[in-house]
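Chemist: Residue numbers (the numbering used here): 22 to 867. Each residue gets a CB set at the ideal place from its N, CA and C atoms; glycine is no exception. Following this message is one structure expressed as structure tokens.
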């Protein structure tokens, strides 16, 4: 405790309460500038301020004297016994952060760290600039770790090296905080709202290829988030107002012929010595090699990456041989030498030299690896690049040309330093192999998607979903190449991944599918087109574009039947069964019956289970739902089993059997706890929210529906978003928050109306009718219920028991407050309204 200053204590206690400096300043009746000075130890608090803080932070009365001495700077006078058990002593819990752990020691840069830290105390935006390989990322992480305790809401690192599309920058930053774009609400707006009251340091790494996008994003964030600071790294400054720039110098290099003791005091020499010892444990700095090492570091101009690349070869070359190789590979074309900075020449020379030390086979393998984005596995490298991937990757790891990215399950992923990646991309382009390698890359991920489509329905679905998430950059690269060169492959690849799109980002899936389906030549590949259409039908369904979903499903079915593909035909029947919302129940049941018969004829248990699940739902046969759930569980598709059991939850709940509903819901949680499926999580939360609402636990219900809404918006799932919203309206109504209920119902009704979702509008306006009762608008309530009854009868959508009980109360309230004639007239008027007229009528007055 003696080492913890009062300023740090105050800052951390404020952060623990989630208060901004402005909020705490108001509570203790001082200015924001005064509070800043207290937290930075520039000023001591008055006795009155200390007394207010003691009250706010619940310091016991008998400890106020000790607390005052601590706050006033007298803490050193205390004995250990007096301080150890103080209840206002804060433990050093690890703060929130995603900073990656360093795999090697950090060398030197003490002066630079002090200067950068000083800049961050004065400026909200600091850019570390310098040539590639200079160590910008490493020092930014070092700074971030030093500042963890000063940012109560964390220090967060965003790597931009693999991002090529500037439009995805806000989404990339938001993903660090597990937020994504929501319908009709840009991801930037959500990100700003999340950061607005937070005290955070955000590190944006490798901004040079996204300068305009970064400048726009940073401006928006800093303008709207007063407690946010940003540390960016870039080869080129952002050139923004308020930007403090720090050009990171090379590591220090000793003068010629310095003594061994003096030489080893310099950071560049220390780095070489440490990395060389890692490559060959017997390496030591000696009087004999000191001057040579100095020359190597000078040839590298003190650039850390260049020094590391050189040191990595100490296991196969002596220091003099390394220097000789560097001297021989240090030339650049004369036409470029006048315009390329010396440090750029040095870095390129180091890469040229490293390239020259590789065997011809290693060179081929390395440049081919550059086709990957966001990393690769040994398996993918083996297939795409050919050759002995394990041996070559191991060799390249030792030479610091590739690095271990991370391990996911049983698979290790590898990646380049970005500057090496760019260099190798140039080599690939020069080789004339790009078209062939990118085609091989596409074919690999096309085959992977075929495996994934099946695996996502079986016992390895968790591992495969993680794998697809890891490969999403490569999937994008493959789809981009397919868009330019192979429409058929693009149709298959985007279509097979529809289950991935649902749990990753519905909007992105929709963009790829739409692009390939509209591409010239798409109709020349009927089977591939059928696959993509079937996937798009589902995506459009979740987007509530029901007419398009039905058209896609029907065309998919026609194509599959024309091609004689029974499995595809079943899948298209499933899509039609879900998307044909205007069909009578009998027709939908017939679609699923056809699917069940076909599934049995080809011996496909998964599709049999799927057909049974939907038949059980439409025909109200719980035994079929239970049979389907058990079959899914036996097959190993815990996701489908869970979704099917949720139908049982809803059916029991709406029939008033809460005990059975909770029993099934608890089983869903047990079965699905390892899936990490966001779509399924939204549905589970909705069901928990509904049960809580019925029980009158409105706080729990509101929390569950809000969480469901946030996740659905992040996934781009408009349907689940709207249903979570309307249920929040019902909770507000039940809890007596009439204004909140009206605002939610009004907005949601219009959104359902926009989508022509008759079921959604009916459910929303039934809630609005309940609201009209509470504000003594009984004739309006009767009119809205009349319209709802008419729509339910037209759509063969009978009201469940528990919802009918609510409507019966509306009827009773109407008849108790208006005469039978007025009630009947209003009810009959409602039955004559169109959907648009009903929405307008509901919103006419509050």
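Determine the direct distance from the alpha carbon of residue 282 to that of residue 521, and round the result to whole angstroms.
Modeler: Within the chain shown, numbered from 1, the residue matching residue 521 stands at position 500. Within the chain shown, numbered from 1, the residue matching residue 282 stands at position 261. Roughly 59 angstroms between the two C-alpha positions.
Chemist: Between which two residues does the beta strand (DSSP E) containing residue 432 stretch?
Modeler: Walking along the chain shown from the start, residue 432 turns up at place 411. Residues 432–436.
Chemist: Between the C-alpha atoms of residue 415 and residue 53, what's the straight-line distance to the nearest angstrom?
Modeler: Numbered from its first residue, the chain shown carries residue 415 at position 394. Numbered from its first residue, the chain shown carries residue 53 at position 32. Their Cα atoms are separated by approximately 55 angstroms.
Chemist: Can you tell me the Cβ-Cβ gap for residue 788 and residue 750, rounded? I've got them flagged as a contact below 8 angstroms.
Modeler: In the chain shown, residue 788 corresponds to position 767, counting from 1. In the chain shown, residue 750 corresponds to position 729, counting from 1. The pair is a contact, with the Cβ atoms about 6 angstroms apart (cut-off 8 angstroms).
Chemist: Distance check for residue 708 and residue 851, CA to CA, integer angstroms please.
Modeler: Against the chain shown, residue 851 aligns to sequence position 830. Against the chain shown, residue 708 aligns to sequence position 687. Those two C-alpha atoms are separated by around 31 angstroms.
Chemist: I need the straight-line Cα distance from residue 617 to residue 591, nearest angstrom please.
Modeler: As a first step, residue 617 must be located in the chain shown, where it is residue number 596. As a first step, residue 591 must be located in the chain shown, where it is residue number 570. Those two C-alpha atoms are separated by around 8 angstroms.
Chemist: When you compare the CB positions of residue 324 and residue 347, do they come within less than 8 angstroms of one another, or not?
Modeler: Counted from its first residue, the chain shown places residue 324 at position 303. Counted from its first residue, the chain shown places residue 347 at position 326. Contact: no.
Chemist: Nearest-angstrom Cα distance between residue 164 and residue 598?
Modeler: Counting from one through the chain shown, the residue named residue 164 turns up at place 143. Counting from one through the chain shown, the residue named residue 598 turns up at place 577. So the alpha carbons of these two residues sit roughly 56 angstroms apart.
Chemist: Using three-state DSSP, classify residue 219 as helix, strand or coil.
Modeler: As a first step, residue 219 is located in the chain shown; it is residue number 198 there, counting from the start. Three-state DSSP puts residue 219 in coil, outside helix and strand.
Chemist: DSSP three-state label for residue 347, please.
Modeler: For this step, residue 347 is matched to residue 326 along the chain shown. Three-state result, residue 347: helix.
Chemist: If I measure Cβ to Cβ from residue 714 and keep anything under 6 angstroms in the same chain, skipping five residues before and after, which residues do I get?
Modeler: Taking the first residue of the chain shown as 1, we reach residue 714 at position 693. The residues are 722 and 752.
Chemist: Buried or exposed: residue 305, going by 16 or more other Cβ atoms within 10 Å of its Cβ?
Modeler: Locating residue 305 in the chain shown gives position 284, counting from the first residue. Counting Cβ neighbours within 10 Å, residue 305 comes out exposed, since fewer than 16 surround it.
Chemist: Hey, how far is the Cα of residue 258 from the Cα of residue 148?
Modeler: Translated into the one-based positions of the chain shown, residue 258 becomes position 237. Translated into the one-based positions of the chain shown, residue 148 becomes position 127. Computed Cα separation, rounded: 7 angstroms.
Chemist: Identify, in the order they occur along the chain, each residue of the same chain with its Cβ nearer than 7 angstroms to the Cβ of residue 217, setting aside the five sequence neighbours on each side.
Modeler: Locating residue 217 in the chain shown gives position 196, where the first residue counts as 1. For residue 217, where only same-chain residues beyond five positions count, the Cβ hits under 7 angstroms are 245 and 246.
Chemist: Mind checking residue 545: buried by the 16 CB within 10 Å criterion, or exposed?
Modeler: Here residue 545 is taken as the residue at index 524 of the chain shown, counted from 1. Label assigned to residue 545: exposed.
Chemist: For the alpha helix (DSSP H) that residue 794 lies in, which residues bound it at each end?
Modeler: By 1-based counting over the chain shown, the position of residue 794 is 773. From DSSP, the alpha helix (DSSP H) with residue 794 extends over 779–795.
Chemist: Please determine if the region 407–414 and the region 467–480 are in contact, where contact requires at least 3 C-beta pairs separated by less than 8 angstroms.
Modeler: Flag = no, the region 407–414 and the region 467–480 do not touch.
Chemist: Would you list the residues sitting across from residue 226 in a DSSP beta bridge?
Modeler: Residue 226 sits at position 205 when you count from the first residue of the chain shown. In the DSSP output, where bridge partners are listed per residue, residue 226 has 180.
Chemist: So, for residue 49: in the same chain, excluding its five sequence neighbours on each side, which residues have a beta-carbon less than 8 angstroms away from its beta-carbon?
Modeler: Position 28 of the chain shown, counted from the start, is the residue given in the question as residue 49. Hits under 8 angstroms: 56, 70, 73, 74 and 77.
Chemist: Under the assumption that residue 389 contacts residue 250 (Cβ atoms under 8 angstroms), give the Cβ distance between them as a whole number of angstroms.
Modeler: Here residue 389 is taken as the residue at index 368 of the chain shown, counted from 1. Here residue 250 is taken as the residue at index 229 of the chain shown, counted from 1. In fact, because the Cβ distance is near 41 angstroms, the residues do not count as touching under 8 angstroms.
Chemist: Taking three-plus beta-carbon pairs below 8 angstroms as touching, is the region 725–737 in contact with the region 185–201?
Modeler: They touch, by the three-pair rule.
Chemist: Any idea if residue 774 is buried or exposed, counting beta-carbon neighbours within 10 angstroms, 16 or more meaning buried?
Modeler: The residue you call residue 774 lines up with position 753 of the chain shown. With 16 or more other Cβ atoms within 10 Å, it is buried.
Chemist: Cα-Cα, which of 519, 387 and 621 is closest to residue 552?
Modeler: What you label residue 552 is simply residue 531 of the chain shown in a count that begins at 1. Looking at the Cα atoms, 519 is the closest of the given residues.
Chemist: Bridge partners of residue 264, per DSSP?
Modeler: Counting from 1 along the chain shown, the entry for residue 264 is found at position 243. In the DSSP output, where bridge partners are listed per residue, residue 264 has 146.
Chemist: Of all the alpha helix (DSSP H) runs that stay within the bounds of the region 432–485, which reach a length of 4 or more residues?
Modeler: Within the region 432–485, the complete alpha helix (DSSP H) runs of at least 4 residues are 439–452 and 455–476.
Chemist: Please go through the same chain and pick out, in chain order, the residues whose beta-carbon is closer than 7 angstroms to the beta-carbon of residue 341, but skip the five residues on each side of it.
Modeler: The residue labelled residue 341 in the question sits at position 320 within the chain shown. Taken in chain order, the residues that qualify are 313.
Chemist: Can at least three beta-carbon pairs, one atom from the region 150–163 and one from the region 266–278, be found at a separation below 8 angstroms?
Modeler: The region 150–163, when compared against the region 266–278, does touch it at the 8 angstroms Cβ threshold.
Chemist: Residue 142: which of 60, 604 and 497 sits nearest, CA to CA?
Modeler: Working through the chain shown from its first residue, we reach residue 142 at position 121. Checking every option, the nearest Cα to that of residue 142 belongs to 60.
Chemist: For residue 853, which three-state DSSP category applies?
Modeler: The residue given as residue 853 occupies position 832 in the chain shown. Here residue 853 sits in coil by DSSP.
Chemist: From what residue to what residue does the alpha helix (DSSP H) around residue 730 run?
Modeler: Taking the first residue of the chain shown as position 1, residue 730 is located at position 709. Run containing residue 730: 719–736, per the alpha helix (DSSP H) assignment.
Chemist: Give the straight-line distance between the Cα atoms of residue 725 and residue 172, rounded to the nearest whole angstrom.
Modeler: Against the chain shown, residue 725 aligns to sequence position 704. Against the chain shown, residue 172 aligns to sequence position 151. Spanning the two alpha carbons is a distance of roughly 29 angstroms.
Chemist: Let me check one thing: in DSSP terms, what residues is residue 425 bridge-paired to?
Modeler: Against the chain shown, residue 425 aligns to sequence position 404. In DSSP, residue 425 forms a bridge with 435.
Chemist: Considering only the beta carbon of each residue, do residue 334 and residue 387 sit closer than 8 angstroms?
Modeler: Taking the first residue of the chain shown as 1, we reach residue 334 at position 313. Taking the first residue of the chain shown as 1, we reach residue 387 at position 366. No.
Chemist: If you check the beta carbons only, do residue 770 and residue 860 fall under 8 angstroms apart?
Modeler: As a first step, residue 770 must be located in the chain shown, where it is residue number 749. As a first step, residue 860 must be located in the chain shown, where it is residue number 839. Contact: yes.
Chemist: Considering only C-alpha positions, which residue in the set 757, 579, 699 and 819 is nearest to residue 729?
Modeler: Taking the chain shown and counting its residues from 1, one reaches residue 729 at position 708. Measuring from the Cα of residue 729, the nearest candidate turns out to be 699.
Chemist: Please specify which runs of the alpha helix (DSSP H), each continuous and at least 4 residues long, are wholly inside the region 794–853, giving them in chain order.
Modeler: Those alpha helix (DSSP H) runs which fall completely within the region 794–853 and span 4+ residues are 799–815, 822–838 and 841–852.
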